[in-house]
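These notes concern the structure reproduced below.
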Amino acid sequence: MTRPRDTTDAPRLPTDGTIFVVEGGAVGHEVATRLSASGKSVTHVTTTPQTDAAPSFDVHVTETLAADSLDAAGLRDASAVVILGSDDARNFLVAQLAHARFGVDRVVARVDDPDRKPLFERQGVDVVCATQAIAHTAVELW
Numbered sequence: 001m002t003r004p005r006d007t008t009d010a011p012r013l014p015t016d017g018t019i020f021v022v023e024g025g026a027v028g029h030e031v032a033t034r035l036s037a038s039g040k041s042v043t044h045v046t047t048t049p050q051t052d053a054a055p056s057f058d059v060h061v062t063e064t065l066a067a068d069s070l071d072a073a074g075l076r077d078a079s080a081v082v083i084l085g086s087d088d089a090r091n092f093l094v095a096q097l098a099h100a101r102f103g104v105d106r107v108v109a110r111v112d113d114p115d116r117k118p119l120f121e122r123q124g125v126d127v128v129c130a131t132q133a134i135a136h137t138a139v140e141l142w
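Letter by letter, the sequence shown follows residues 1 to 142 of the UniProt record's numbering.
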């Protein structure tokens, strides 16, 4: 079992340029909303857009997360990408595309299986482990 990484000293998201939030459903929408509220330029790329009030950020709806769809959404111009899908393998592929094809320096990805964190980290991806974050929060409530 791997120890949770201390993110206290982790680099912050860039203050300039556009941050792309990829997928994540309600979580992705909330992250995009909070980043936008903090003054960041945000684009949310999603296959399932939220239907509530018009957001304060750009939303690019796509049928797939293939490279051409991400390119059409403008990922090439991103200063950072936050990938929040629920499928670790898909998140890994999008992270690789962001780094290798689009040249994005800062990539953050959601991972559900803690055992997969090292795979992402070896590729230079900062990881948010949903399983560990939820477990930590639930235990802290007691």
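Each residue gets a CB set at the ideal place from its N, CA and C atoms; glycine is no exception.
(message) If distances are taken between C-alpha atoms only, which option among Glu-140, Asp-113 and Ala-100 comes closest to Gly-85?
(response) The residue given as residue 85 occupies position 85 in the sequence shown. Checking every option, the nearest Cα to that of Gly-85 belongs to Asp-113.
(message) So, at 8 Å on beta carbons, what are the nonlocal neighbours of Ala-37 in its own chain, with the 5 sequence-adjacent residues on each side left out?
(response) Within the sequence shown, residue 37 is the residue found at index 37, counting from 1. Excluding sequence neighbours, Ala-37 sits near Ser-56.
(message) At the level of alpha carbons, what is the spacing between Ala-78 and Ala-138?
(response) The residue given as residue 78 occupies position 78 in the sequence shown. The residue given as residue 138 occupies position 138 in the sequence shown. Each residue's alpha carbon lies about 34 Å from the other.
(request) Compare the beta carbon distance of Arg-76 and Phe-92 with 7 Å and say whether it is the shorter of the two. (result) Here residue 76 is taken as the residue at index 76 of the sequence shown, counted from 1. Here residue 92 is taken as the residue at index 92 of the sequence shown, counted from 1. Contact flag unset, no.
(request) Have a look at Thr-7 and Pro-49 and give me their C-alpha separation to the nearest angstrom. (result) On the sequence shown, position 7 is the one that residue 7 refers to. On the sequence shown, position 49 is the one that residue 49 refers to. Confidence is the limiting factor: at Thr-7 the pLDDT is only 46, short of 50, which leaves the residue's position unreliable, though a coordinate-based value still follows. CA-CA distance, Thr-7 to Pro-49, rounds to 30 Å.
(request) Count the other CB atoms, across all protein chains shown, that sit within 10 Å of the CB of Ile-134; report buried if there are 16 or more and exposed otherwise. (result) Here residue 134 refers to the residue found at position 134 of the sequence shown. Of the other Cβ atoms in all chains shown, fewer than 16 fall within 10 Å of the Cβ of Ile-134; this residue is therefore exposed.
(message) Please return the same chain residues whose Cβ sits closer than 8 Å to the Cβ of Ile-19, not counting the five positions on each side in sequence.
(response) Numbered from 1 along the sequence shown, position 19 holds the residue referred to as residue 19. Counting only residues of its own chain and dropping the five nearest sequence neighbours on each side, Ile-19 has a CB closer than 8 Å to the CB of Leu-13, Leu-35, Lys-40, Ser-41, Val-42, Thr-43, Ala-78, Ser-79, Ala-80, Val-81 and Val-82.
(message) Please report the straight-line C-alpha distance between Pro-4 and Val-125, rounded to a whole angstrom.
(response) For the purposes of this step, residue 4 is identified with residue 4 of the sequence shown, where counting begins at 1. For the purposes of this step, residue 125 is identified with residue 125 of the sequence shown, where counting begins at 1. Unreliable positioning characterises Pro-4 in this predicted model, as indicated by a pLDDT of 43, which lies under 50. A coordinate reading is not provided.
(message) What would DSSP say about Val-139, mapped onto helix, strand or coil?
(response) Counting from 1 along the sequence shown, the entry for residue 139 is found at position 139. Looking at Val-139 - three-state DSSP - the assignment turns out to be helix.
(message) Just to confirm before moving on: does the CB-CB distance between Val-111 and Cys-129 stay below 7 Å?
(response) Walking along the sequence shown from the start, residue 111 turns up at place 111. Walking along the sequence shown from the start, residue 129 turns up at place 129. Contact: yes.
(message) Could you check whether Ala-26 and Asp-45 sit closer than 7 Å to each other, using their CB atoms as the reference points?
(response) Numbered from its first residue, the sequence shown carries residue 45 at position 45. Numbered from its first residue, the sequence shown carries residue 26 at position 26. What sits at residue 45 in the sequence shown is Val, not Asp. In terms of Cβ geometry, Val-45 and Ala-26 do not form a close pair [threshold 7 Å].
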